[in-house]
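Its first residue numbered 1184, the sequence shown is counted upward by one per residue in my numbering.
Have a look at the structure below, then the notes.
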Amino acid sequence: EGEVIVDGVNLRGLKEKELAVFRRSKVGFVYQSFNLVPTLTVKENILFPLSLAGSTPDPVFFDEIVELLHLKERLNAYPGELSGGGQQRVAIARALIAKPAILLADEPTGNLDSRTGQNVLGLLKLSVETYRQTLVMITHNLELAQMADRVVRIEDGRIRV
1184 EGEVIVDGVN LRGLKEKELA VFRRSKVGFV YQSFNLVPTL TVKENILFPL SLAGSTPDPV
1244 FFDEIVELLH LKERLNAYPG ELSGGGQQRV AIARALIAKP AILLADEPTG NLDSRTGQNV
1304 LGLLKLSVET YRQTLVMITH NLELAQMADR VVRIEDGRIR V
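Below is the structure:
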């Protein structure tokens, strides 16, 4: 029961089509397995959500994200030519490009070595601070969870705050 209000919108009363539009414009997803399209370049992968929505990118914002995530020199590369950390940075850029209110990150450091994982975590934190976003991160790493402003645990199907 209750309401879910995101960026001033009450999601409870939205129809399925309206929810799809909301998710596309207000929610960025960072998947554990990156989910990049192997036949698209880094630039094309980043812009992919906007092309699906029929939107044009803000070129200043695009340049800002690419600079922030250290991808400027790799825009014409393909995902297979990047390290795991590079692919994760592309996935984060793709999640950010539509300027979402919420970032949902599923084990964003799960497939990375500890050093790259710390770098990715730092980039997510910087993004949240810079663009005033909410980050909801799923992790099994208790050390990583302790870095959050708020931790909610799910144990045996029950939510524990």
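C-beta: ideal position from N, C-alpha, C; glycine also.
Own chain, CB closer than 6 Å to A1288, minus 5 neighbours either side, in chain order:
V1213, M1320
Check this for me: beta carbons of T1224 and L1258, under 8 Å apart or not?
yes
Closest Cβ-Cβ distance between N1294 and chain D: below 8 Å?
The chain labelled as chain D is not found in the depicted structure, where only one protein chain is given.
What span of residues does the beta strand (DSSP E) with G1288 cover, start to end?
One detail in the question is off: residue 1288 reads as Ala in this sequence, not Gly. Counting along the chain, the beta strand (DSSP E) containing A1288 begins and ends at 1285-1289.
When you compare each of Q1270, A1260, I1337, E1199 to P1291 by their alpha carbons, which one comes out closest?
Q1270
Using the beta-carbon count (16 or more within 10 Å), is A1203 buried or exposed?
When all chains shown are included, A1203 counts as exposed.
What residues in its chain sit with their C-beta under 8 Å from that of Y1314, if we drop five residues either side in the sequence?
L1279, K1282
Alpha carbon to alpha carbon, how far is V1335 from A1328? Give it in angstroms, no decimals.
9 Å
R1341, DSSP secondary structure in three states:
strand
Does the Cβ-Cβ distance between N1193 and E1184 come in under 8 Å?
No.
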